[in-house]
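Asks: Residue numbers (the working numbering): 14 to 166.
1. So which of 97, 155, 81 has the shortest CA-CA distance to residue 114?
2. With a CB to CB cut of under 7 Å and the five nearest residues on each side skipped, what residues in its chain are close to residue 85?
3. On the DSSP bridge assignment, give the partners of residue 151 in chain order.
4. Going by CA-CA distance only, name the one from 156, 53, 124 that's closest to residue 63.
5. What residue from 79, 101, 74, 77 has the CA that sits closest to residue 87's CA?
6. Taking buried to mean at least 16 other C-beta atoms within 10 Å of its own C-beta, is residue 129 buried or exposed?
7. List the endpoints of the continuous alpha helix (DSSP H) containing residue 92.
8. If I measure Cβ to Cβ from residue 67 and keep anything under 7 Å in the same chain, skipping five residues before and after, which residues do I get?
9. On the CB-based measure, 16 or more other CB atoms within 10 Å of its CB, does residue 57 come out buried or exposed?
10. Work out the CA separation of residue 61 and residue 132 for me, nearest whole Å.
11. Return the CA-CA distance between residue 89 and residue 95, expressed in angstroms with no decimal places.
12. Check residue 54 in the structure and name its three-state DSSP category.
And the structure:
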């Protein structure tokens, strides 16, 4: 029985000609060593790190700008900065607080964009690794028959 199965498998392997090497959907062993169909996408690590640094700093600067604006309001300005603080000083400090809110908001938005961009690149890279990380494919040609096993690390 075993010899009959081996004979049948051999006859089937020899009966079908191998696909041409130019066929992009060829199964196993028809590409040059180390040749990939597509390049490995960027993993997005740098953008994720940049976003995770800039986003909280922007939120902190926005919060401090709001606090500065509130402390420089007319009802709190003289209590916090002393009786010598003039209205012009208080208005200048309010403008400084508004500039801080604007700068911090811009930093927070930029950090969120970098974080989202890096996370999307990371997801694309993980999908690519999942699809190209390990391969098990049959190899059938006139000289070689068997299984091809490949992996990346």
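Idealized CB from N, CA, C, for every residue including glycine. Bear in mind the structure is a predicted one, so any value in this text is a computation, not a measurement.
Replies: So, from the data block:
1. Numbered from 1 along the chain shown, position 101 holds the residue referred to as residue 114. Here the closest residue by C-alpha is 81.
2. Position 72 of the chain shown holds residue 85. Counting only Cβ-Cβ distances below 7 Å, and skipping sequence neighbours, we find 103, 106, 107, 110.
3. As a first step, residue 151 is located in the chain shown; it is residue number 138 there, counting from the start. Answer is 160, bridged to residue 151.
4. As a position in the chain shown, residue 63 is number 50, starting the count at 1. Answer by Cα proximity: 124.
5. The residue given as residue 87 occupies position 74 in the chain shown. Of the candidates 79, 101, 74, 77, the one whose C-alpha sits nearest the C-alpha of residue 87 is 101.
6. For this step, residue 129 is matched to residue 116 along the chain shown. Residue 129 is exposed by the Cβ-count criterion.
7. Position 79 of the chain shown, counted from the start, is the residue given in the question as residue 92. Start and end: 87-94.
8. As a working note, residue 67 is residue 54 in the chain shown. Cβ neighbours of residue 67 beyond the five flanking positions: 120, 123, 124, 127.
9. To locate residue 57, count along the chain shown from 1; it is residue 44. Around the beta carbon of residue 57, a 10 Å sphere encloses 16 or more other beta carbons of the protein chains shown; the residue is thus reported as buried.
10. Counting from 1 along the chain shown, the entry for residue 132 is found at position 119. Counting from 1 along the chain shown, the entry for residue 61 is found at position 48. About 6 Å.
11. Numbered from its first residue, the chain shown carries residue 89 at position 76. Numbered from its first residue, the chain shown carries residue 95 at position 82. Annotation: residue 89 to residue 95 spans about 10 Å, alpha carbon to alpha carbon.
12. Here residue 54 corresponds to residue number 41 of the chain shown, with the count starting at 1. In this structure, residue 54 counts as coil in the three-state DSSP scheme.
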